[in-house]
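A.B. asks:
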């Protein structure tokens, strides 16, 4: 090996080590950030609350009426059982309490409950501590797995403390309510679980809702002392509604989802019941008296009791669908999201803000309608929320109605009012429409998801026309110095979602295309490509997660739509070129 090659090899190794050290330093710096510890503390607090709600160090009582133990149940500790006014009966360790293969009646449940209390009371502190650490360890492990999934698939959720707090709060409430309604007379623990899954499917993505719902189902099963087959029932009841719940364009869809989920749950409970040899049945389903219930549990047919239990769980899923349809407006406000229902209501042309915009700035209103059509088509091309983009486009320029004459689409025959202003002042007037629009949006109680389109549709782009004008003016007057580019930029922020990025491109492309004298397809394509590349190189898409492939699809969609709108027309002999 030559000396030069050896030196280069050592230099490469040194550079590699230095790069690795920089990456480690950067990761350590992120870990030490106060926000990271704040969010970890929130997750730990949620896990501790779930642990406390589920009984802390007390083991849950695992039996229910109708449960069929696969083998004889023996006493683990000596205890006494006194049924009502009868004489107390003593049991010793090893005494048979219940015979295997027979459904548990209320009397057997009382005996098992007394034995469970005696067993719990005889646990040492070390055993209780070990049990508590094991259970909270499982909770923390589940939180870690869910956090890892969110980190790789929805990182924006981890960076938003409010969204994370609402999510954790919803999980804690779900577990708490599920434990409360899981009592033997109700057995309705799947209702809050299904509501949790449907809520997450509405406010987030279905994939995230599915993963988190499974984790919460496992926590509920552990908290109630349930086994694998009960967990399978919970999983089936929540999975079907979450998977089928996509875009909510009407409240009846939530009811239909509940009905479809009930059918899947019914089939799943029947299948699991046959495999497990369990009926998942209780007296509250069939409405029998205590004596009649005991007779049915002891002598009734297995198929009848299994069908009864499966029907109850299916009814719970249907009920969850009805409850969710009523809770939908509250869910939207709590999580600050908009379903298609609320978006369709916002996008109504009779909205006071849109009517005022059409009256005071008709050119801007027409521009907004055109941009909405372009942006919705482009957004759907990359599987983004096209309806959200359309409604955001309707409102993105509402601030222009306060000074309509300063924007070219509204000037008409009144002349350009910027001719009497300095470039710096014109820039202030132009960029002020963003702040004015945000103020109007909040005054009319528009949701934050729509306000985001107003704030981000210009990003931090340069107001290039007045910047160039300021440079020319500066050169002509020979004042010296350089015009600060930063002082001619919009305040931002840059687009934070794919939807707002699509609106940015559609807004710029539609405005620029109206300036073309001969808008041929080739010229439109060149214009849209130039606008796209300028914003890409300017870093406007750094924070929105838009890929180059998606950017290309958006560009193609805009070119196609604009070419259809601004296509060439035949010039008749008596027409003059305007």
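Numbering (my numbering), first residue to last: 38 to 615. Glycine included, each C-beta is placed from N, C-alpha and C at the ideal position.
1) So, at 7 Å on beta carbons, what are the nonlocal neighbours of residue 582 in its own chain, with the 5 sequence-adjacent residues on each side left out?
2) Applying the criterion that 16 or more other CB atoms from any shown protein chain within 10 Å of the CB defines a buried residue, is residue 162 buried or exposed?
3) Please list the segments of the alpha helix (DSSP H) lying wholly inside the segment 365–394, counting only runs of 4 or more residues, in order along the chain.
4) For residue 437, tell me which candidate among 414, 393, 408 and 418 has the shortest Cα-Cα distance.
5) Could you give the DSSP three-state label for residue 437: helix, strand or coil?
6) Indicate whether residue 428 and residue 384 have their beta-carbon atoms separated by less than 8 Å.
7) How is the alpha helix (DSSP H) around residue 222 delimited, first residue to last?
8) Grab me the residues of residue 598's own chain with a C-beta within less than 6 Å of its C-beta, minus the 5 sequence neighbours each way, in chain order.
9) Would you mind sorting residue 166 into buried or exposed? The rule is 16 or more other CB atoms within 10 Å of its CB.
10) Classify residue 76 as helix, strand or coil using the three-state DSSP reduction.
11) So what does DSSP say about residue 339, is it helix, strand or coil?
12) In terms of DSSP beta bridges, what is residue 116 paired with?
13) If you draw a straight line from the C-alpha of residue 403 to the C-alpha of residue 549, how long is it?
14) Which partner residues of residue 111 appear in the DSSP bridge assignment?
15) Check whether the segment 338–347 and the segment 293–300 touch, using three or more Cβ-Cβ pairs below 8 Å as the test.
16) In the structure shown, what three-state DSSP assignment does residue 526 receive?
17) Below 8 Å on the Cβ atoms is my contact criterion, and I expect residue 377 with residue 424 to pass it. Report the Cβ-Cβ distance as a whole number of Å.
18) Can residue 83 and residue 209 be called in contact, C-beta distance under 8 Å?
19) Pairing CB atoms from the segment 230–246 with CB atoms from the segment 258–270, are three or more of them under 8 Å?
20) Decide if residue 111 is buried, meaning its Cβ has at least 16 other Cβ atoms within 10 Å, or exposed.
21) Could you spell out the range, first to last residue, of the alpha helix (DSSP H) harbouring residue 183?
22) Where does residue 72 land, buried or exposed, given buried means 16+ other C-beta within 10 angstroms?
23) Would residue 201 pass as a contact of residue 87 if the rule is Cβ separation under 8 Å?
24) Does the beta-carbon of residue 389 have 16 or more other beta-carbons within 10 angstroms, so that it is buried, or is it exposed?
25) Which partner residues of residue 499 appear in the DSSP bridge assignment?
26) Specify the secondary structure class of residue 421 as computed by DSSP and reduced to three states.
27) How is residue 57 classed by DSSP in three states: helix, strand or coil?
28) Does any residue of chain C bring its CB to less than 8 Å from the CB of residue 123?
29) What's the C-alpha gap between residue 81 and residue 184?
30) In the structure shown, what three-state DSSP assignment does residue 509 receive?
31) Please name the residue, chosen from 288, 477, 448 and 255, that lies closest to residue 276 on a Cα-to-Cα basis.
32) Kindly indicate which three-state DSSP category residue 353 falls into: helix, strand or coil?
33) Can you give me the start and stop residues for the alpha helix (DSSP H) that residue 92 sits inside?
34) Would you call the CB atoms of residue 114 and residue 99 closer than 8 Å?
35) Note down, in chain order, each residue of its chain lying with its Cβ closer than 8 Å to the Cβ of residue 278, except the 5 sequence neighbours on either side.
36) Taking the straight line between their C-alpha atoms, what separation do you get for residue 140 and residue 97?
C.D. replies: Based on what the coordinates show:
1) Residue numbering aside, residue 582 sits at position 545 when the chain shown is read from its first letter. Sequence-distant Cβ neighbours of residue 582 in its own chain, meaning closer than 7 Å and more than five residues away, are 535.
2) Within the chain shown, residue 162 is the residue found at index 125, counting from 1. Per the 10 Å Cβ criterion, exposed.
3) 377–383
4) Translated into the one-based positions of the chain shown, residue 437 becomes position 400. Out of 414, 393, 408 and 418, 393 has the C-alpha closest to the C-alpha of residue 437.
5) Within the chain shown, numbered from 1, the residue matching residue 437 stands at position 400. Correct three-state label for residue 437: helix.
6) Stepping through the chain shown from its first residue, residue 428 is reached at position 391. Stepping through the chain shown from its first residue, residue 384 is reached at position 347. Yes, they are a contact pair.
7) Looking up residue 222 in the chain shown gives position 185. No alpha helix (DSSP H) holds residue 222; DSSP gives it neither H nor E.
8) Reading the chain shown from its first residue, position 561 is the one you call residue 598. Result list for residue 598: 411 and 414, in chain order.
9) As a working mapping, residue 166 is identified with position 129 in the chain shown. Exposed, since its Cβ has fewer than 16 Cβ neighbours within 10 Å.
10) Stepping through the chain shown from its first residue, residue 76 is reached at position 39. Residue state, collapsed to three classes: helix.
11) Looking up residue 339 in the chain shown gives position 302. Note: residue 339 maps to helix in three-state DSSP.
12) As a first step, residue 116 is located in the chain shown; it is residue number 79 there, counting from the start. 128.
13) Mapped onto the chain shown, residue 403 falls at position 366. Mapped onto the chain shown, residue 549 falls at position 512. Spanning the two alpha carbons is a distance of roughly 15 Å.
14) Position 74 of the chain shown, counted from the first residue, corresponds to residue 111. Answer is 133.
15) no
16) Translated into positions along the chain shown, residue 526 becomes position 489. Strand at residue 526.
17) Residue numbering aside, residue 377 sits at position 340 when the chain shown is read from its first letter. Residue numbering aside, residue 424 sits at position 387 when the chain shown is read from its first letter. Right, the Cβ-Cβ distance comes to about 6 Å (below 8 Å), so this counts as a contact.
18) Stepping through the chain shown from its first residue, residue 83 is reached at position 46. Stepping through the chain shown from its first residue, residue 209 is reached at position 172. Against a cut-off of 8 Å, the Cβ pair of residue 209 and residue 83 comes out as a contact.
19) no
20) As a working mapping, residue 111 is identified with position 74 in the chain shown. Its Cβ having fewer than 16 others within 10 Å, residue 111 is exposed.
21) Residue mapping note: residue 183 aligns to position 146 of the chain shown, counting from 1. Looking at the DSSP string, the run of the alpha helix (DSSP H) that includes residue 183 is 162–190.
22) Taking the chain shown and counting its residues from 1, the one referred to as residue 72 is at position 35. Residue 72 should be labelled exposed.
23) Within the chain shown, the letter at position 164 stands for residue 201. Within the chain shown, the letter at position 50 stands for residue 87. The answer is no: Cβ separation not under 8 Å.
24) Indexing the chain shown from 1 puts residue 389 at position 352. With fewer than 16 Cβ atoms within 10 Å of its Cβ, residue 389 is classed as exposed.
25) Looking up residue 499 in the chain shown gives position 462. According to DSSP, which records beta bridges pairwise, residue 499 is partnered with 526.
26) Here residue 421 refers to the residue found at position 384 of the chain shown. The answer is coil: DSSP assigns residue 421 none of H, G, I, E or B.
27) Along the chain shown, one-based indexing puts residue 57 at 20. Of the three classes helix, strand and coil, the one that applies to residue 57 here is helix, per DSSP.
28) Structure shown: chain C not included; a single protein chain is present.
29) Indexing the chain shown from 1 puts residue 81 at position 44. Indexing the chain shown from 1 puts residue 184 at position 147. Each residue's alpha carbon lies about 12 Å from the other.
30) To locate residue 509, count along the chain shown from 1; it is residue 472. If DSSP states are grouped into helix, strand and coil, residue 509 belongs with the helices.
31) On the chain shown, residue 276 is found 239 positions in, with the first residue counted as 1. Of the listed residues, the one whose Cα sits closest to residue 276 is 255.
32) By 1-based counting over the chain shown, the position of residue 353 is 316. In the structure shown, residue 353 sits in a helix (DSSP, three-state: H, G or I).
33) Here the question's residue 92 lines up with position 55 in the chain shown. Counting along the chain, residue 92 falls outside any alpha helix (DSSP H), and DSSP gives it neither H nor E.
34) The residue you call residue 114 lines up with position 77 of the chain shown. The residue you call residue 99 lines up with position 62 of the chain shown. It is not a contact, given that the beta carbons lie outside the stated cut-off.
35) Locating residue 278 in the chain shown gives position 241, counting from the first residue. Counting only Cβ-Cβ distances below 8 Å, and skipping sequence neighbours, we find 231, 234, 235, 238, 294, 295, 297, 298, 354, 357 and 358.
36) Taking the chain shown and counting its residues from 1, one reaches residue 140 at position 103. Taking the chain shown and counting its residues from 1, one reaches residue 97 at position 60. Between residue 140 and residue 97, the C-alpha separation is close to 20 Å.
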